[in-house]
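First the structure, in the form of C-alpha cells, and then the observations on it.
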Amino acid sequence: MAAYAKERGITRALAAVELYERELDGAIFLCGNAPLALAGVVRLAVEHGVAPALIVGMPVGFVNVVESKKLLDLVTVPFIRLNGRRGGSPLAVATLHAIMEEGLE
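Just so we're aligned, residue 15 is where the sequence shown starts under this note's numbering, counting upward by one.
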C-alpha cells in the first residue's frame, strides 16, 4: 500500500480506499482522521457506484476537513456527518458503538 501511495503521490489512507474498493460495497466506512480517504470514498461512490451500507464522516483538523464532509451531500448512500472542523476517531467509533447498541435492543 505504501508503494502504491508513493507512486501516485497520495496519502496511504486514500491508497487503502482505492486498493480495497471492492470491499466497500455493503460495508460501514468509518472516517475519523483522514479527510482525503473520506473524499476518496465519495468519489468511488459517485463515479464507480460503490455503495457502502453507511458512511460515518467525522475527520478532524483544518486541511480538507470541511470540504470532505460537504462532499457527502453527493452520495446516495446513508451517512452520518459531524459538520465543521471537529471530529476524530473517538467520536467516529462512539457513533458506531451507539448504532451497534441500538441494534442489540
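Beta carbons are placed, not taken as given, at the ideal position from N, Cα and C, and that holds for glycine.
Only a predicted model underlies this, so the values are computations on that prediction, with no experimental measurement involved.
Please return the same chain residues whose Cβ sits closer than 6 Å to the Cβ of R22, not counting the five positions on each side in sequence. The beta carbon of R22 lies closer than 6 Å to none in the same chain, with the five residues before and after it left out.
Tell me which same chain residues have a C-beta within less than 8 Å of the C-beta of N99, skipping the five on either side of it? The sequence given here has Arg at residue 99, not Asn. Annotation for R99: V74, G75, F76, V79 and V80 place their beta carbon closer than 8 Å to its own, counting only its chain and skipping 5 residues before and after.
Please classify A17 as buried or exposed, where buried requires at least 16 neighbouring CB atoms within 10 angstroms. Counting the other CB atoms within 10 Å of its CB gives A17 a total below 16, which places it among the exposed residues.
For R95, which three-state DSSP category applies? In the structure shown, R95 sits in a strand (DSSP, three-state: E or B).
Beta-carbon spacing of M114, R95 below 9 Å: For M114 and R95, no; Cβs fall outside 9 Å.
Is L28 near the ligand MN - that is, is its Cβ less than 8 Å away from at least one heavy atom of it? Among the components of this structure there are no ligands whatsoever, and the ligand MN is therefore not found.
Tell me, which residues are paired with L68 by DSSP? According to the DSSP secondary-structure assignment, L68 is paired through a beta bridge with I42.
Among residues of its own chain, excluding the 5 on either side of V64, which ones have a beta-carbon nearer than 8 Å to its beta-carbon? Hits under 8 Å: E35, L38, D39, V55 and L58.
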